[in-house]
Amino acid sequence: MSSINTESGSSSCHEGRTATPPHDHHAHHHDQAGNAGLHELIIEGAGCASCVGKIESALKAVPGVENAEMNFAQRTVSVTGNAEAADLVKAVEKAGYNAKLAAAESEDDALAEKEKADQAYYKRLMKETWIALSLGVPLMAYALITGEVNVNTTTERIAWLIVGILTFGVLYFSGKHFFVGAWKSFLNHSANMDTLIALGTGTAWLYSMVVIFFPAAVPEQARHVYFEATAIIIGLIDLGLALELKARGRTSEAIKRLIGLQAKSARVIRDDKELDIAIEQVLMDDVVRVRPGEKIPVDGDVIEGHTAIDESMLTGEPMPVEKAVGDSVAAGTINKTGSILFKATRVGKDTALAQIINMVKRAQNSKPPIGRLADVISAYFVPVVMIIAVISALVWLNFGPAPAVAFAIVSATTVLIIACPCALGLATPMSVMVGVGKAAEAGVLIRNGEALQTASKISAMILDKTGTITLGAPKVTDIVVAGEQDEDTILKLAATLESGSEHPLALAIVESAQEKDIETGKVSNFNAIAGHGVQAEVDGKNLLFGNEKLMRERNIGLGGFVEKAQTLASEAKTPIYFAVDNQLSAIIAVADPIKEDSIAAIKRLQHNGIRVVMLTGDNRATAKAVAEKVGIKEFFAEVLPEEKSKKVQELQMEGEVVGMTGDGINDAPALAIANVGFAIGTGTDVAIESADITLMRGSLHGLADAIAVSKATLRNIKQNLFGAFIYNVAGIPVAAGVLYPLLGMLMNPVIAGAAMAFSSLTVVTNANRLRFFKAQEH
Amino acid sequence: MLIINIVGVVLIALIVWWFWLYKPKEAALGENDLVITVENGTYSPSRIKVPAGESVELKFIRKDESPCSETLLIPALQISDTLPLNKLKSIQLPALKSGEYAFHCQMQMYRGQITVN
Chain D
133 MSSINTESGS
143 SSCHEGRTAT
153 PPHDHHAHHH
163 DQAGNAGLHE
173 LIIEGAGCAS
183 CVGKIESALK
193 AVPGVENAEM
203 NFAQRTVSVT
213 GNAEAADLVK
223 AVEKAGYNAK
233 LAAAESEDDA
243 LAEKEKADQA
253 YYKRLMKETW
263 IALSLGVPLM
273 AYALITGEVN
283 VNTTTERIAW
293 LIVGILTFGV
303 LYFSGKHFFV
313 GAWKSFLNHS
323 ANMDTLIALG
333 TGTAWLYSMV
343 VIFFPAAVPE
353 QARHVYFEAT
363 AIIIGLIDLG
373 LALELKARGR
383 TSEAIKRLIG
393 LQAKSARVIR
403 DDKELDIAIE
413 QVLMDDVVRV
423 RPGEKIPVDG
433 DVIEGHTAID
443 ESMLTGEPMP
453 VEKAVGDSVA
463 AGTINKTGSI
473 LFKATRVGKD
483 TALAQIINMV
493 KRAQNSKPPI
503 GRLADVISAY
513 FVPVVMIIAV
523 ISALVWLNFG
533 PAPAVAFAIV
543 SATTVLIIAC
553 PCALGLATPM
563 SVMVGVGKAA
573 EAGVLIRNGE
583 ALQTASKISA
593 MILDKTGTIT
603 LGAPKVTDIV
613 VAGEQDEDTI
623 LKLAATLESG
633 SEHPLALAIV
643 ESAQEKDIET
653 GKVSNFNAIA
663 GHGVQAEVDG
673 KNLLFGNEKL
683 MRERNIGLGG
693 FVEKAQTLAS
703 EAKTPIYFAV
713 DNQLSAIIAV
723 ADPIKEDSIA
733 AIKRLQHNGI
743 RVVMLTGDNR
753 ATAKAVAEKV
763 GIKEFFAEVL
773 PEEKSKKVQE
783 LQMEGEVVGM
793 TGDGINDAPA
803 LAIANVGFAI
813 GTGTDVAIES
823 ADITLMRGSL
833 HGLADAIAVS
843 KATLRNIKQN
853 LFGAFIYNVA
863 GIPVAAGVLY
873 PLLGMLMNPV
883 IAGAAMAFSS
893 LTVVTNANRL
903 RFFKAQEH
Chain E
1190 MLIINIVGVV
1200 LIALIVWWFW
1210 LYKPKEAALG
1220 ENDLVITVEN
1230 GTYSPSRIKV
1240 PAGESVELKF
1250 IRKDESPCSE
1260 TLLIPALQIS
1270 DTLPLNKLKS
1280 IQLPALKSGE
1290 YAFHCQMQMY
1300 RGQITVN
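Chains as they are written, first to last, in our numbering: chain D, 133 to 910; chain E, 1190 to 1306.
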């Protein structure tokens, strides 16, 4: 294989590149085989071919670089080896040019370029439409008014010959792309819409020319010309394409809005100097300054100052979020109140925003299973239509009334023109595009088309309690004193005891102590008793902290405090016994507050006929209390993390389509096994990998929103597919003339052209209706 | 009339053979740049041979303005990407097992196939 490399190493796409020394082939080969680090840089300011050598050698001098090859035509350099991208950029800058990472080429630029290209294409299509229609419409008017499209006399022949030549001009100026496309795909053994249009209009024009030149070859009644049909069909289809292009632009509004969130430049501090640089040039670990009212350019951690940041564009959460030193900030959000310095932790393609954009784009292009049948059909569609056209012509020639030739030509042409593979092919992707985008606007990230489709069928929703229904941040709610120590002493001892533990309940106690400015002491002989509690020595006292079972094992008298504990548990709190030197000192109750809108969101799910089930590792009493508070009838308590997926399967065996919602960390297996796994994102830290659907906002309303969007999208897809399917199934036979024996009518090719042009436009327009979808309430 | 009918049947047979039965030649993905051009309703070359068990890169350049051509899908690999107009776009393929993988545009009017062996 390496010999191929040497041969084609200087292929056309490397034009202008300086000759590569022989040893470089080896390096290149190494890259292919080992796939070592590869960086693409875009170079600015390289005006001459001689810059190439300079840039290449500057890059090769960077430690770790194996090879650097510049493509002068595209102003890009491919660098292989293990060097850091930042060092490469610096090396190029030192050589006197500007460089940026190609990977980070802004979405904004790409979008602007695409819009420019689309605009140019639209203008061209409209121009073509006008050329075609300005010949076709008067011709048709003439034909309709006079009824004279026959070719009998010499004068008529000459007049129509001139019209025929003009029509050829229309085919050339307005329809060239159909013919070139048809021919190219024919050579490639494939057929598409171009093939049908080129064949249809080509047949009509050729037949008309035959009538003019060899009138004797066709019966007298069949001496019609079809130039007006040819011109109008080309015009209408160009018009349809132009309008479709416009409508398509609207389907990607959501992604445009996301891309628009990206800042264009950033103010970084390098070598004690503040510089305004393009966002693509911000590197990891750069220190970035953001003033009030500015956008956060890249992801990072605050190192100085504090502020409130509006993250609503990413999370849908309307309230600004307070940020202080150590907190992370996300690209695309808006700094509201204070000036901050932060250190860049993720730049370019790695920022949360870039990942969200990427995920939405991928999802928008992926297809739900419902679209697969249409795909299978469209793969065979065009050749089948061609065969139907031939058959219908044969049937007319064999069995049709006079003039059979004219009928055969008209029916074949009409079949070719009316068949619309586009509508069928567009039906699914257009709706998915709009639906996924709409969901993203509501803070719901849908991974792919399959998740979208399944979400519309969810019949049961399992909710994890901690972090899903509740905030996931437990707080100390009660301290019931039972011994001689007062509350503060108890809290101090308990916090000291728990300061080494990472259990969420331990964190709650430590945080409560911190809130009261109670300092923790020193702990020794710490011992965690799995599933029961902890034990340690503090200030020479023997401390024991845990559940009832632990206390009983150690023979600690609980007296009437068991009932107190039960009362606390029934209020959705977790009571923990605290003993000092084998004497019960207190019951500390910890509770995880329920999210403000959980109750409303759960009601919304139930209202939509979804069976809501709660799972928790917590004890039964707490689980029951939470379930009652939020209105869930079915719940499972004391479920170990590894049992969660079993519960999902149990519901699936009952015939439910199960959605599982969790924080995505210890629920990963259950999320994976559920029909649709929902991960609750915490702010902007997107848990993209683990779930089918990610809710960027903590609120459970996202679940109902996600299901509502999927249902609306699926309904839209079905309408589109049905429409496109029926259109072809009904249109093609009518075009072939099945109604002729009954009603004596045959479809006009011009009508077929109009129908075809607007069928795909209809599909796109219907998909666009999804833009007006609104999630019910929040 | 007989002749016309025979011509018609032959025409149908030709359509079946040309579009379905005939297998065009495959272009091998050499080490250096094989660029797939997206133009006039086709990918060319449309049948690409790549080695098994190796991550390779396919390069596309779209010269076709039609919006249909801008999305590239490789459903079996869950790849979907946008091809910019007149710009080289690389698509990284993971190491693949032997077999055939279709790639196409959103509407399946542009079709191609990757053969891995």
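C-beta: ideal position from N, C-alpha, C; glycine also. Remember, it's a predicted structure, so these values are computed and weren't measured experimentally.
Considering only D:Y304, D:A223, D:Q496, D:D596, the residue with the shortest C-alpha distance to P801 of chain D is D:D596. Residue burial annotation: R402 of chain D is exposed, with fewer than 16 other C-beta atoms found within 10 angstroms of its C-beta.
Close CB contacts of V670 of chain D within its chain, under the 8 Å cut and outside five residues either way in sequence, are with L625, T628, L629, G653, K654, V655, S656 (chain order). Bounds of the alpha helix (DSSP H) holding L558 of chain D are 553-573. In this structure, L393 of chain D sits near M445 of chain D, with a CB-CB distance shorter than 8 Å.
In the structure shown, S1244 of chain E adopts coil according to DSSP, grouped into three states.
For I839 of chain D, none of the residues of chain E pass the 9 Å Cβ criterion, the least Cβ distance being about 23 Å. Within 8 Å of the CB of L1200 of chain E, the CB atoms of chain D belong to V522, in sequence order along the chain. A direct Cα-to-Cα measurement between F346 of chain D and V295 of chain D gives close to 17 Å. Collapsing the DSSP output to three states places R752 of chain D in a helix. Of all residues in the stretch 1279-1306 of chain E, only Q1295, M1296, Q1297, M1298, Y1299, R1300 come within less than 8 Å of chain D when Cβ atoms are compared, listed by chain position.
As a beta-bridge residue in DSSP terms, T826 of chain D pairs with D:L577, D:A811.
According to DSSP, F1249 of chain E shares a beta bridge with E:I1225, E:K1278. For S656 of chain D, not one C-beta of chain E is nearer than 8 Å to its own C-beta. Note on geometry: alpha-carbon atoms of I187 of chain D and M202 of chain D lie some 8 Å from one another. In terms of beta-carbon proximity, G1197 of chain E lines the interface with chain D, with at least one pair separated by less than 8 Å. Under the three-state reduction of DSSP output, G834 of chain D falls in the helix class.
Take F890 of chain D, set aside five residues on each side of it, and the residues of its chain with a beta-carbon closer than 7 Å to its own are G372, in chain order. Neighbourhood of Y253 of chain D in chain E, by CB distance below 7 Å: E1254, in chain order.
Fewer than three beta-carbon pairs drawn from the stretch 328-335 of chain D and the stretch 844-852 of chain D are found closer than 8 Å, and the two stretches are therefore not classed as touching. At least one CB atom of chain E sits nearer than 8 Å to the CB of R494 of chain D.
Using a Cβ-Cβ cut-off of 8 Å, L1266 of chain E does not count as an interface residue toward chain D, since no Cβ of chain D sits closer than that to its own. Sequence-distant partners of S730 of chain D (beyond 5 residues in either direction) whose C-beta falls short of 6 Å from its own C-beta, in its chain, are I601, V762, L832. Look at L1274 of chain E: its C-beta is under 8 Å from a C-beta on chain D. At a Cβ-Cβ threshold of 8 Å, L377 of chain D and Y229 of chain D do not count as neighbours. In its chain, beyond the 5 residues on either side, Y1299 have a beta carbon closer than 7 Å to the beta carbon of T1231 of chain E.
Apart from the 5 residues on each side of it in sequence, V745 of chain D sits with its Cβ closer than 6 Å to the Cβ of I594, E766 in its chain, given in chain order. M1190 of chain E is classed as exposed because its beta carbon has fewer than 16 other beta carbons within 10 Å across all chains shown. With respect to chain D, the C-beta atom of S1233 of chain E has a partner C-beta closer than 8 Å. Remark: fewer than three beta-carbon pairs, one from each stretch, lie closer than 8 Å, so the stretch 541-549 of chain D and the stretch 829-848 of chain D are not flagged as touching. The shortest C-alpha to C-alpha distance from C183 of chain D to any of D:E198, D:G834, D:V197, D:V224 is the one to D:V224. Around the Cβ of A486 of chain D, a 10 Å sphere holds 16 or more other Cβ atoms; the residue is buried.
Note on M785 of chain D: under 16 other CB atoms within 10 angstroms of its CB, so exposed under the neighbour-count rule. Residues of chain E with a Cβ closer than 8 Å to the Cβ of G332 of chain D do not exist; the shortest Cβ-Cβ separation is about 15 Å. In the DSSP secondary-structure assignment, P1264 of chain E is not bridged to any residue.
One alpha carbon belongs to Q496 of chain D, the other to L173 of chain D, and they sit about 28 Å apart.
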